[in-house]
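Numbering (full-length UniProt numbering), first residue to last: 1 to 538. Cβ coordinates follow ideal geometry from the N, Cα and C atoms, glycine included.
Okay, structure coming up:
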């Protein structure tokens with residue numbers, strides 16, 4: 001077991017080589033991104049399934065994921081891996097329902113789809129409402145959170161590195177190749193980053209297991225049995241089984257099916273089959289974090305029992321278990337995780353601003369002007385992402401509160417999108433009222449919970465994932481009732497304004513592929529794999 005906190009020559013050489021390759025990919029993509037807005041924002045709708053799948057995976061595995069999954073598994077067990085397993089199931093659902101509808105609509109953003117679906121009266125309002133909320137969550141939570149968490153880990157690995165310059169360096173580096181090369185630069189660097197990330201996580205898992213002489217019996221005997229249990233009791237404070245059933249599907253659907261910075265890769269696919277193939281590849285990769293991140297961190301509880309916080313386990317495993325050289329590769333994987341999230345959210349947020357707010361093409365802007373302003377928008381978001389971690393650092397409770405906002409902000413968005421896609425009677429008026437009412441309810445719950453926590457009292461509410469599920473049911477009832485009680489003329493008008501091509505149809509599940517290329521067979525295998533994993537680690 002080694003113990004080195006200072007990166008050696010070989011470590012820096014590996015990290016430097018990785019950064020040079022990223023720069024070269026960004027420079028290559030810049031030549032094409034200068035041609036049009038569609039090229040900048042959607043890579044010219046030319047992406048294949050391997051690129052889409054690896055980019056989906058890399059964008060999702062951020063520094064907060066590496067630290068959070070490992071930390072939760074160290075502290076309370078592998079039940080946190082349900083987020084990863086649910087992602088695989090949601091990606092299967094995407095391939096069947098959302099992907100064919102979005103690609104047929106030829107939209108650039110998810111809010112743009114909602115605008116078309118709900119017509120000229122309510123559509124633009126719903127579009128801007130959802131777009132603004134998506135930008136806020138992407139920049140202030142995903143991007144700034146990834147920068148903050150990444151710098152904390154780098155400070156462990158590189159003692160003495162200043163906080164603010166490190167934040168600025170990470171944000172600016174990702175922002176440069178994102179602004180210059182657009183989505184093409186993002187997805188092709190994500191391919192590299194996904195591979196580096198998987199190799200890095202695999203090395204840590206190998207080294208941790210080596211501490212037990214590669215004996216599963218020895219490793220499992222060294223930790224409490226419940227740490228390797230996926231299904232936790234109803235009163236579990238971390239992730240009860242009811243929250244897995246009620247809340248995680250909703251949170252997963254928003255993240256994978258309605259989140260612009262994730263769906264942008266799918267929208268950039270060159271065909272429906274390539275988009276579906278990418279979703280299937282990403283779903284298969286989402287089975288790996290349980291084995292590469294959660295289980296090694298749970299075993300690390302026996303090796304590193306004195307950590308004051310679970311969030312320290314990932315950087316500590318790097319320092320304690322890896323020799324020089326391999327440390328550089330894993331740190332490159334960490335940087336890859338940070339970059340893949342930052343570049344994704346920056347590109348998506350810039351796209352949302354240009355398409356949903358500026359509406360450059362409607363104003364007759366030239367392609368050159370669209371590209372230039374899109375890059376300036378990215379630069380503005382880089383500034384926010386680099387500086388907002390200072391706020392998170394000064395108010396450590398704030399970041400935890402903002403993370404919970406997802407569980408209160410997501411249900412209305414998921415309900416409006418899914419019901420609008422699958423139910424023709426869903427009206428624009430009902431969509432807007434459901435969004436407002438659902439978010440008012442979520443804000444009240446959040447304030448109540450924060451107030452109780454500040455006074456050291458029990459808030460009397462179930463786990464936030466259970467609350468997310470119950471809030472979703474509330475929003476479904478509201479959307480159904482408001483759509484059914486609309487005036488006949490308004491309801492008919494809403495149906496007339498809704499292009500049938502914007503609605504999901506059973507025929508959309510069909511495919512031209514045969515044999516193992518048929519995504520339906522792939523979906524069945526993935527679902528059975530998830531069931532098998534849950535059964536083994538029940």
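Next item on the list: Check each candidate in 320, 260, 334 and name the one with the smallest Cα separation from residue 352.
Entry: Taking the first residue of the chain shown as 1, we reach residue 352 at position 352. With distances taken between Cα atoms, residue 352 lies closest to 260.
Next item on the list: Put residue 380 into one of helix, strand or coil per three-state DSSP.
Entry: Counting from one through the chain shown, the residue named residue 380 turns up at place 380. Helix at residue 380.
Check: Under the three-state reduction of DSSP, which class applies to residue 7: helix, strand or coil?
Finding: Translated into positions along the chain shown, residue 7 becomes position 7. Looking at residue 7 - three-state DSSP - the assignment turns out to be coil, as it is neither helix nor strand.
Check: If we count the other Cβ atoms within 10 Å of its Cβ and call it buried at 16 or more, is residue 161 buried or exposed?
Finding: Translated into the one-based positions of the chain shown, residue 161 becomes position 161. When all chains shown are included, residue 161 counts as exposed.
Item checked: CB-CB length for residue 438 against residue 7, believed under 8 Å -> For this step, residue 438 is matched to residue 438 along the chain shown. For this step, residue 7 is matched to residue 7 along the chain shown. The pair is not a contact, with the Cβ atoms about 47 Å apart (cut-off 8 Å).
Margin query: Run through the DSSP bridge pairs and tell me what residue 269 is partnered with.
Written below: Against the chain shown, residue 269 aligns to sequence position 269. Beta-bridge pairing links residue 269 to 47.
Margin query: Suppose contacts are defined by Cβ-Cβ distances below 9 Å. Is residue 251 in contact with residue 241 by that definition?
Written below: Taking the first residue of the chain shown as 1, we reach residue 251 at position 251. Taking the first residue of the chain shown as 1, we reach residue 241 at position 241. In this structure, residue 241 does not lie closer than 9 Å to residue 251 by Cβ.
Next item on the list: Find the nearest neighbour of residue 385 within the set 341, 425, 405, judged by alpha-carbon distance.
Entry: Here residue 385 refers to the residue found at position 385 of the chain shown. Checking every option, the nearest Cα to that of residue 385 belongs to 341.
Check: Once you ignore the five residues that flank residue 137 on each side, which residues in its own chain have a CB closer than 8 Å to its CB?
Finding: What you label residue 137 is simply residue 137 of the chain shown in a count that begins at 1. Residues 405, 406, 409 of the same chain have their beta carbon placed closer than 8 Å to that of residue 137, with the five preceding and five following residues left out of the count.
Next item on the list: Please work out which residues of its chain come closer than 8 Å, Cβ to Cβ, to residue 435, disregarding the five sequence neighbours upstream and downstream, and give them in chain order.
Entry: Walking along the chain shown from the start, residue 435 turns up at place 435. Taken in chain order, the residues that qualify are 126, 129, 130, 412, 413, 416.
Check: Helix, strand or coil for residue 347 per DSSP?
Finding: Counting from 1 along the chain shown, the entry for residue 347 is found at position 347. Three-state DSSP puts residue 347 in a helix.
Checklist line | residue 465 versus residue 459 - alpha carbon distance | finding: Residue mapping note: residue 465 aligns to position 465 of the chain shown, counting from 1. Residue mapping note: residue 459 aligns to position 459 of the chain shown, counting from 1. Whole-angstrom Cα-Cα distance: 15 Å.
Checklist line | Near the ligand NAP: residue 363 beta-carbon under 8 Å from a heavy atom | finding: Only the bare structure without any ligand can be found here, which leaves the ligand NAP out of the picture.
Next item on the list: Put residue 60 into one of helix, strand or coil per three-state DSSP.
Entry: If you number the chain shown from 1, residue 60 lands on position 60. Helix.
Check: Going by beta carbon distance, what residues of the same chain come within less than 6 Å of residue 606, once the five residues before and after it are set aside?
Finding: Look at the range of the chain in this structure, 1 to 538, and you will see that residue 606 is not part of it.
Notebook entry, point to check: Can you tell me the Cα-Cα spacing of residue 463 and residue 239, whole angstroms?
Noted result: Locating residue 463 in the chain shown gives position 463, where the first residue counts as 1. Locating residue 239 in the chain shown gives position 239, where the first residue counts as 1. About 7 Å.
Note to self: For residue 166 and residue 151, I'd like the C-alpha separation in whole angstroms.
What the structure shows: If you number the chain shown from 1, residue 166 lands on position 166. If you number the chain shown from 1, residue 151 lands on position 151. Looking at the two C-alpha atoms, the distance is approximately 6 Å.
Notebook entry, point to check: Rounded to the nearest angstrom, how far is the Cβ of residue 330 from that of residue 169, given a contact under 8 Å?
Noted result: One-based indexing of the chain shown puts residue 330 at position 330. One-based indexing of the chain shown puts residue 169 at position 169. Incorrect: roughly 19 Å between the Cβ atoms, too far for contact.
Check: Any idea what DSSP makes of residue 463, helix, strand or coil?
Finding: Looking up residue 463 in the chain shown gives position 463. The answer is coil: DSSP assigns residue 463 none of H, G, I, E or B.
Item checked: Nearest-angstrom Cβ-Cβ length linking residue 421 and residue 101, presumed shorter than 8 Å -> One-based indexing of the chain shown puts residue 421 at position 421. One-based indexing of the chain shown puts residue 101 at position 101. Right, their Cβ atoms sit about 6 Å apart.
Item checked: Where residue 278 falls, given that 16 or more other Cβ within 10 Å makes a residue buried -> By one-based count along the chain shown, residue 278 stands at place 278. Classification of residue 278: buried, given that the 10 Å Cβ count is 16 or more.
Next item on the list: Entirely within the region 217-280 and at least 4 residues each: give me those alpha helix (DSSP H) ranges in chain order.
Entry: 241-246, 248-253, 260-267
Next item on the list: From the DSSP output, in three-state form, read off residue 510 for me.
Entry: The residue labelled residue 510 in the question sits at position 510 within the chain shown. Coil at residue 510, not helix or strand.
Checklist line | Inter-residue Cα distance where the pair is residue 502 and residue 371 | finding: On the chain shown, position 502 is the one that residue 502 refers to. On the chain shown, position 371 is the one that residue 371 refers to. Rounded to whole angstroms, the separation of the alpha carbons of residue 371 and residue 502 is 28 Å.
Item checked: Nearest-angstrom Cα separation, counted from residue 483 out to residue 188 -> By 1-based counting over the chain shown, the position of residue 188 is 188. By 1-based counting over the chain shown, the position of residue 483 is 483. The alpha-carbon atoms of residue 188 and residue 483 are separated by roughly 43 Å.
Check: Helix, strand or coil: which one does DSSP assign to residue 492?
Finding: Along the chain shown, one-based indexing puts residue 492 at 492. Unreliable positioning characterises residue 492 in this predicted model, as indicated by a pLDDT of 43, which lies under 50. A coordinate reading is not provided.
Next item on the list: Would you mind sorting residue 264 into buried or exposed? The rule is 16 or more other CB atoms within 10 Å of its CB.
Entry: One-based indexing of the chain shown puts residue 264 at position 264. That one is buried.
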